[in-house]
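Enquirer: Residue numbers (our numbering), protein chains in the order written: chain A, 1 to 287; chain B, 1001 to 1287; chain C, 2001 to 2287; chain D, 3001 to 3287. The C-beta atom is built at its ideal place from N, Cα and C for all residues, glycine as well. As the structure is a computational prediction, the values presented were derived from the model and not from experiment.
4 protein chains.
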Amino acid sequence: MNIRTDLALERHEMLPREEINGVNISFEENENCRATTIEISSEEGERALGKPKGKYVTLETDSFTDSEVLCDGRLELLIKSLTGLLPREGTVLVAALGNSDITPDAIGPKCADCILATRHIPKETEKELKLPRLRDVAVISPGVTGKTGIETGEIISGITEKIKPSCVIVIDALAARSVTRLGTTIQLCDTGIEPGSGVGNKRKAINRETLGVPVIAIGIPTVVDAATLSFDLTGKSPRDSSFSDMMVTPKDTDIITSAGARLIALGINCALQKNLSREEIISLTSA
Amino acid sequence: MNIRTDLALERHEMLPREEINGVNISFEENENCRATTIEISSEEGERALGKPKGKYVTLETDSFTDSEVLCDGRLELLIKSLTGLLPREGTVLVAALGNSDITPDAIGPKCADCILATRHIPKETEKELKLPRLRDVAVISPGVTGKTGIETGEIISGITEKIKPSCVIVIDALAARSVTRLGTTIQLCDTGIEPGSGVGNKRKAINRETLGVPVIAIGIPTVVDAATLSFDLTGKSPRDSSFSDMMVTPKDTDIITSAGARLIALGINCALQKNLSREEIISLTSA
Amino acid sequence: MNIRTDLALERHEMLPREEINGVNISFEENENCRATTIEISSEEGERALGKPKGKYVTLETDSFTDSEVLCDGRLELLIKSLTGLLPREGTVLVAALGNSDITPDAIGPKCADCILATRHIPKETEKELKLPRLRDVAVISPGVTGKTGIETGEIISGITEKIKPSCVIVIDALAARSVTRLGTTIQLCDTGIEPGSGVGNKRKAINRETLGVPVIAIGIPTVVDAATLSFDLTGKSPRDSSFSDMMVTPKDTDIITSAGARLIALGINCALQKNLSREEIISLTSA
Amino acid sequence: MNIRTDLALERHEMLPREEINGVNISFEENENCRATTIEISSEEGERALGKPKGKYVTLETDSFTDSEVLCDGRLELLIKSLTGLLPREGTVLVAALGNSDITPDAIGPKCADCILATRHIPKETEKELKLPRLRDVAVISPGVTGKTGIETGEIISGITEKIKPSCVIVIDALAARSVTRLGTTIQLCDTGIEPGSGVGNKRKAINRETLGVPVIAIGIPTVVDAATLSFDLTGKSPRDSSFSDMMVTPKDTDIITSAGARLIALGINCALQKNLSREEIISLTSA
Chain A
1 MNIRTDLALE RHEMLPREEI NGVNISFEEN ENCRATTIEI SSEEGERALG KPKGKYVTLE
61 TDSFTDSEVL CDGRLELLIK SLTGLLPREG TVLVAALGNS DITPDAIGPK CADCILATRH
121 IPKETEKELK LPRLRDVAVI SPGVTGKTGI ETGEIISGIT EKIKPSCVIV IDALAARSVT
181 RLGTTIQLCD TGIEPGSGVG NKRKAINRET LGVPVIAIGI PTVVDAATLS FDLTGKSPRD
241 SSFSDMMVTP KDTDIITSAG ARLIALGINC ALQKNLSREE IISLTSA
Chain B
1001 MNIRTDLALE RHEMLPREEI NGVNISFEEN ENCRATTIEI SSEEGERALG KPKGKYVTLE
1061 TDSFTDSEVL CDGRLELLIK SLTGLLPREG TVLVAALGNS DITPDAIGPK CADCILATRH
1121 IPKETEKELK LPRLRDVAVI SPGVTGKTGI ETGEIISGIT EKIKPSCVIV IDALAARSVT
1181 RLGTTIQLCD TGIEPGSGVG NKRKAINRET LGVPVIAIGI PTVVDAATLS FDLTGKSPRD
1241 SSFSDMMVTP KDTDIITSAG ARLIALGINC ALQKNLSREE IISLTSA
Chain C
2001 MNIRTDLALE RHEMLPREEI NGVNISFEEN ENCRATTIEI SSEEGERALG KPKGKYVTLE
2061 TDSFTDSEVL CDGRLELLIK SLTGLLPREG TVLVAALGNS DITPDAIGPK CADCILATRH
2121 IPKETEKELK LPRLRDVAVI SPGVTGKTGI ETGEIISGIT EKIKPSCVIV IDALAARSVT
2181 RLGTTIQLCD TGIEPGSGVG NKRKAINRET LGVPVIAIGI PTVVDAATLS FDLTGKSPRD
2241 SSFSDMMVTP KDTDIITSAG ARLIALGINC ALQKNLSREE IISLTSA
Chain D
3001 MNIRTDLALE RHEMLPREEI NGVNISFEEN ENCRATTIEI SSEEGERALG KPKGKYVTLE
3061 TDSFTDSEVL CDGRLELLIK SLTGLLPREG TVLVAALGNS DITPDAIGPK CADCILATRH
3121 IPKETEKELK LPRLRDVAVI SPGVTGKTGI ETGEIISGIT EKIKPSCVIV IDALAARSVT
3181 RLGTTIQLCD TGIEPGSGVG NKRKAINRET LGVPVIAIGI PTVVDAATLS FDLTGKSPRD
3241 SSFSDMMVTP KDTDIITSAG ARLIALGINC ALQKNLSREE IISLTSA
């Protein structure tokens, strides 16, 4: 396979024919956003799309950098899609993957700065302060293996065993096939993180099997592999091996990454804290 | 107790008489540094010093900001003291506590940036690259509870259970009684972190009992509690309750904190990687 | 003088008698904020308050950290006070002083991240994009002399001569006498920066005389000098000379500083961009 | 021109024939580094290379990330090349261009953190502290126009007029044609910054003509324009217009950028402070 993409939607577009047994596709749309849900329920579907059985929702949105507040149809469809994947109750552990030193890989850490952590707030404090009842949320940025010496999955697994969440949400930067996906796409799925996905490209699986609880992954494509671009341009694999370590990003990748991180954080905070108003969440969602 | 200090040495100085059963004290000195080792072996000693049984080494050094390279007698005595507390073999987990957003509490995170993480490097890679045999080291910055929703101890415990180190080194910023301690003092001990110590002042115990492996704590005092200062100046507790949330720090706390973090990192890297030369470690120890 | 404060209001409180020729004082108040305007118009007033002739507005507000959106009476009185000091037209240069590496001195740089810079946007672009007419604003963070080798005032003066603004707004962290001022106070004045004020404590004058245009200073007290605290507690100067390099700050100084910086940035953006709605400015005011 | 490169060496490689009147080329080499000096002295040479008359030195080095200390032949040839371009005496202003929020554009700001600023140190202090005589150096990071509202050249020009340096050194990230240049190349020249060069791609000229003093530019290529890569792969301009806003960078661009910034800072500090030993400079050159 000479084309690399972490997006189920792009893999689906690459299929020779549209209809496959055990692959179901449906759409929803509003003025700023179109959601495509691909559901894989057969092994034939797994093979065809190169992804495990489960639900993949891709949001195609107006550009994150159109300098709007992002609190429009995009946010609404993100909240709805995420709510559909989340268990109704129980502590949620948000694990923000990526390297804060590499702009297009910093989606996770930037997002973590904006997620409301609430698990440590005693119930008595909530009552005293007359806060609305908050859902327990924990947030970690495990860092990258090159700096910690530990697999990201091991860190998340160790904490999962300690705090026993009802579900884990993993946030990560993704690779797309097409540069037009950058800054305009969000993917949610209920199958966690696949081996080899992400910008850093060295992840092991982080999913229900490895953690023992449901794992929802939310990702934003921020790079295209240079080798994929080269293949798409020339129709053959690049002879220059240095391409394999190169990525293609927009020149304003910092603005796209920050806007995308804020949009995801808003979506997670809204989906988890149903007792807070939209206005309260917007004002609380800042690093 | 109106005086707050995390330093065993300062607690010892406050004792009405010098000799206590089960409290042993010894000294070592070079041109830049004096090491005082206080060993508590009795319950009487525990009560007198308000600290659990164990070994406490306080290094009193030339000012961290005397713009030298720090690679002098200070580093040598730090390496020697740390080596004396460390198990000879096995993986070491370094846990860097503190809040990178508050300068005097950022010792841990700044230090973590400079510790060599090696546990993920496959033995075959070491052989291929003809690297000297490296000791397995893992490094985490668990962040602060207000942002994660998780007790720091829970995070470290979860990871400890996963990677099963032979020992944990915890790095933290401390509170001293005297402002003259700031920028000139390092404390090492084999009893871990006590409840209520550190700059953030809300830690639960992190020690052999809670983690199941030996826990070495390395700390640098970077603040004096304003209430302690006030008591020392006036001989009574401050009436103004707002003092309890105030800390006293040097105006150049950023320089002191950075220099202190680098010194600790150098000491840890040298004590753990005995197969690398001093020069190799100095050149590798940069954020 | 054993008491250090950059607040005209605290200097006024220290006067032996309230009435002084050429010192006029007036008040305005709403539910979240009280504004005290001290106007010094005589040399007697200058001597009594130790401040040059001009207008000093002190806002005493609800705590910045009461976790509200800050967009209440505080913001309204800040906008009104600032509008009263600003020239109606012309480019405004915002100069954000301070050291981003020292939390309580980082008000300026944090604020600069949130000020809308508009001077570079071509008028044709505004028309094409159908933007409302924006006032020309330039923003600089000149850094600290220890890192640049240049006096802050020299940098601002050099840029002022190039871009010829109708006025300069200087943002700085201040020292107060009382710890109760921290996180609850904003000072505005039309006399610029005095020598020796600020957290770093080494500023030279930055004012109409040195820059050739009106200079408005906006400051937030974030520290109390340890020597001042000591004097207030004991009634005499501290014998311990190390006090002179120490400052007292709240333990949550990072949260106070961030909230204060955002409040000032909101105020400046609202006061300067009268053609944008409050909602537009709030959504655009993020780092 | 479908190929974009800021490197004189790459432009020279693109020439149909090697010999051009008024273009002189010479070489020097050691075990880690090869220096190619291209001197353009005729208008024919200017047209052929698309660069103004002057001296361009390109250092082709071992990879910055070969995890050595960098203090080898690379540093020596960098110091020698820079010394050859610098005036012997007088204050030097170092201006570090670029956006610290975009990893491959952050060479300048990262470098500025490591340059020794000395201009503010009074001569008496040097004598008292028995420091060797230091050359006056000032350092600024002017930021990017989108955040300041001011052209970078205006800021540098304003400060130049204030402090009247004998020369300005401008540091910037560059675009190369070939990905093999990334992390292995440094360019020095005495013609300053050309319009449209750099990663941000919007610079106006910063040179002797605009500043009134000699301007030395030091740059490291950290990106390849996606449109250039596409042209090189396919032989024609990309039809997809989104390519024009895309850049190609290595996946470990953070490590390359940090190592490159440190190497340049070491070179500048050594070339400017001839009275400090290599060891003193290495120990002082840290952020």
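(1) For a cutoff of 8 angstroms on Cβ pairs, would you count V1144/B as touching chain C?
(2) Which parts of the stretch 234–273 of chain A are runs of the beta strand (DSSP E), unbroken and 3 residues or longer, counting only runs that do not cross its ends?
(3) Run through the stretch 2088–2139 of chain C for me and flag every whole beta strand (DSSP E) of 3 or more residues, listed as ranges in chain order.
(4) List the residues of chain C that K1251/B touches, going by C-beta distances under 8 angstroms, in chain order.
(5) Taking the alpha carbon of A138/A as the reference point, which residue from G146/A, G149/A, R119/A and I155/A has its own alpha carbon closest?
(6) Tell whether a beta-carbon distance below 8 angstroms holds between P142/A and V213/A.
(7) With 8 angstroms set as the bound, which would you pick, yes or no: does the beta-carbon of A3173/D sit closer than that to a beta-carbon of chain A?
(8) My output table needs one value for E2029/C: the three-state DSSP class, helix, strand or coil.
(9) Inspect the CB distances between the stretch 143–163 of chain A and the stretch 190–207 of chain A and report whether three or more fall short of 8 angstroms.
(10) Looking at the C-beta of A226/A, does it have a partner C-beta in chain D at a distance below 8 angstroms?
(11) Taking the alpha carbon of R962/B as the point to measure from, which residue in T1285/B, L1272/B, G1045/B and S1283/B has its own alpha carbon closest?
(12) Is it buried or exposed, N3099/D, if we count other Cβ atoms within 10 angstroms and call 16 or more buried?
(13) Going by the DSSP bridge assignment, what does K3055/D pair with across the sheet?
(14) Rank E2019/C, L2182/C and I2156/C by C-alpha distance to the C-alpha of L2174/C and give the top, closest one.
(15) Nearest CA to the CA of E29/A: which residue from D225/A, S81/A and S241/A?
(16) For A205/A, name the three-state secondary structure that DSSP assigns.
(17) Based on DSSP bridge pairs, tell me the residues matched to V224/A.
(18) Can you tell me which of the three DSSP states T3083/D falls into?
(19) I need the DSSP call for E1010/B, collapsed to helix, strand or coil.
(20) For a contact meaning CB atoms closer than 8 angstroms, what does D2254/C contact in chain B?
(21) L1263/B: buried (16+ other C-beta within 10 angstroms of its C-beta) or exposed?
(22) Could you check which residue in N2002/C, P2122/C, E2039/C and S2244/C has the C-alpha nearest to that of H2012/C?
(23) Strictly below 7 angstroms CB to CB, what residues from chain B border V2213/C?
(24) Could you tell me the distance, in whole angstroms, from the CA atom of T2253/C to the CA atom of R2177/C?
(25) Report the CB separation of T2185/C from P2221/C in whole angstroms; it is logged as a contact under 8 angstroms.
(26) Short of 9 angstroms Cβ to Cβ, which residues in the stretch 3127–3143 of chain D face chain C?
(27) With a cut-off of 8 angstroms, does the C-beta of G3323/D fall near any C-beta of chain C?
(28) Verify whether the separation of the beta carbon atoms of T2160/C and L2093/C is less than 8 angstroms.
(29) Indicate whether E2046/C and K2053/C have their beta-carbon atoms separated by less than 8 angstroms.
(30) Strictly under 8 angstroms for the Cβ-Cβ distance: is T152/A near chain D by that measure?
(31) L233/A versus chain F: which residues are under 7 angstroms apart at the beta carbon?
(32) Using a Cβ-Cβ distance cut-off of 8 angstroms, determine whether S1063/B contacts chain C.
(33) Does the distance from the CB of G84/A to the CB of C33/A come in under 8 angstroms?
(34) Give a yes or no on whether 8 angstroms exceeds the smallest Cβ distance from R3047/D to chain C.
(35) Just the Cα atoms here: how many angstroms apart are E60/A and K3147/D?
(36) In terms of residue numbering, what span does the beta strand (DSSP E) encompassing I2186/C cover?
Expert: Let me lay it out:
(1) The beta carbon of V1144/B sits no closer than 8 angstroms to any beta carbon of chain C.
(2) Taking 3 residues as the minimum length, the beta strand (DSSP E) runs contained wholly in the stretch 234–273 of chain A are 246–250, in order along the chain.
(3) The stretch 2088–2139 of chain C contains these whole beta strand (DSSP E) runs: 2092–2096.
(4) Residues of chain C passing the Cβ test: I2102, V2199, G2200, N2201, D2245, M2246 and M2247.
(5) The option with the nearest alpha carbon to A138/A is R119/A.
(6) Against a cut-off of 8 angstroms, the Cβ pair of V213/A and P142/A comes out as no contact.
(7) Cβ-Cβ to chain A under 8 angstroms: no for A3173/D.
(8) Strand.
(9) The stretch 143–163 of chain A is in contact with the stretch 190–207 of chain A.
(10) At a cut-off of 8 angstroms between beta-carbon atoms, A226/A makes contact with chain D.
(11) Residue 962/B cannot be examined here, being either before or after the span of chain B that is shown, 1001 to 1287.
(12) It is buried - the Cβ of N3099/D has at least 16 other Cβ atoms within 10 Å.
(13) Bridge partners of K3055/D: E3039/D.
(14) Check the Cα spacing between L2174/C and each of E2019/C, L2182/C and I2156/C: the tightest is with L2182/C.
(15) From the listed residues D225/A, S81/A and S241/A, the smallest Cα separation to E29/A is found for S81/A.
(16) If DSSP states are grouped into helix, strand and coil, A205/A belongs with coil.
(17) Looking at the DSSP assignment, V224/A forms a beta bridge with A176/A and V248/A.
(18) Secondary structure at T3083/D: helix, using DSSP grouped into helix, strand and coil.
(19) In the three-state reduction of the DSSP assignment, E1010/B falls in the helix class, which pools H, G and I.
(20) Under the 8 angstroms cutoff, chain B gives N1099, D1101 and I1102.
(21) Under the 10 Å beta carbon count, L1263/B is surrounded by 16 or more other beta carbons and is classified as buried.
(22) The option with the nearest alpha carbon to H2012/C is E2039/C.
(23) In chain order: nothing, as chain B lies at least about 31 angstroms away.
(24) So the two alpha carbons sit approximately 17 angstroms from each other.
(25) The beta carbons of T2185/C and P2221/C sit about 5 angstroms from each other, so the pair counts as a contact at 8 angstroms.
(26) Going along the stretch 3127–3143 of chain D in chain order, one finds D3136, V3137, A3138, V3139, I3140, S3141, P3142 and G3143 with a Cβ nearer than 9 angstroms to chain C.
(27) Outside the shown range of chain D (3001 to 3287) lies residue 3323/D, about which nothing can therefore be said.
(28) T2160/C places its beta carbon less than 8 angstroms from that of L2093/C.
(29) Yes, Cβ-Cβ distance for E2046/C and K2053/C is below 8 angstroms.
(30) Cβ-Cβ to chain D under 8 angstroms: no for T152/A.
(31) Of the chains in the structure shown, none is chain F; the protein chains are A, B, C and D.
(32) Residue-level contact by beta carbon fails for S1063/B and chain C, as no gap is shorter than 8 angstroms.
(33) Pairing G84/A with C33/A gives a Cβ-Cβ distance that is not under 8 angstroms.
(34) Not an interface residue.
(35) E60/A and K3147/D have their C-alpha atoms some 29 angstroms from each other.
(36) Per DSSP, I2186/C belongs to the beta strand (DSSP E) from T2185 to C2189.
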